[in-house]
Amino acid sequence: MGTEGVDGRKTKSNHIIEIQQTLGIEAARRCIIEEIQFIMSNHGMSIDIRHMMLLADLMTFRGEVLGITRFGIQNMDKSVLMLASFEKTSDHLFHASASGKADKIEGASECIIMGVPMQLGTGILKVIQRDEKPELTYASDPIISAY
1 MGTEGVDGRK TKSNHIIEIQ QTLGIEAARR CIIEEIQFIM SNHGMSIDIR HMMLLADLMT
61 FRGEVLGITR FGIQNMDKSV LMLASFEKTS DHLFHASASG KADKIEGASE CIIMGVPMQL
121 GTGILKVIQR DEKPELTYAS DPIISAY
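Quick note on UniProt numbering: the sequence shown kicks off at 1 and runs consecutively.
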């Protein structure tokens, strides 16, 4: 970028680790999204940008670029069900049960495996409806409350 005659604004690279080291994690995240988009469009596939952004976020949320491989996933999260959802399912579940590990079931993979709504978006609210109808409703005593 500091080389004479090289315009850093027009220079492109697909070396994500090099981009992270030079420009930072956000630039690496953007590069991941652009590379996924480029590959998929060249194969005639269109994927919603939000899915690519989610994958790029998953790969970069620790402040470093982690691959979607057995080793990268293991460094991302210590959730037993997330590890089991990727590969070597029986090994991960066996070792977790033998060592008494517990899973909080908070991530997308864990919620899908267990069949519970994820605590995001519309799944974050719980609506409680009371049978009795008070004459006056105050802000501190709502009929329908969300938490």
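Even glycine gets a Cβ: it sits at the ideal position worked out from N, Cα and C.
Straight-line spacing of the CA atoms in C31 and I39 works out to 12 Å. When secondary structure is reduced to three states using DSSP, I19 falls in the helix class. Annotation: G67 to R130 spans about 48 Å, alpha carbon to alpha carbon. Contact annotation: V80 and K101 have beta-carbon atoms nearer than 7 Å. Sequence-distant Cβ neighbours of A108 in its own chain, meaning closer than 7 Å and more than five residues away, are M118. The stretch 14–32 and the stretch 53–62 touch, with no fewer than 3 CB-CB distances between them shorter than 8 Å. For the pair A98 and I105, the Cα-to-Cα distance works out to about 19 Å. Following the DSSP letters along the chain, one finds I47 in no alpha helix (DSSP H), marked with neither H nor E.
In the three-state scheme derived from DSSP, where H, G and I count as helix and E and B as strand, V116 is classed as coil. Taking C-alpha positions only, T89 is separated from L58 by approximately 20 Å.
E4 sits exposed, since fewer than 16 C-beta atoms from the chains shown fall within 10 Å of its C-beta.
Counting the other CB atoms within 10 Å of its CB gives I47 a total below 16, which places it among the exposed residues.
Cβ-Cβ distances below 6 Å link I25 to T60 and G63 in the same chain, with the five nearest sequence neighbours on each side left out; the list follows chain order. Pairing V65 with I112 gives a Cβ-Cβ distance that is not under 7 Å.
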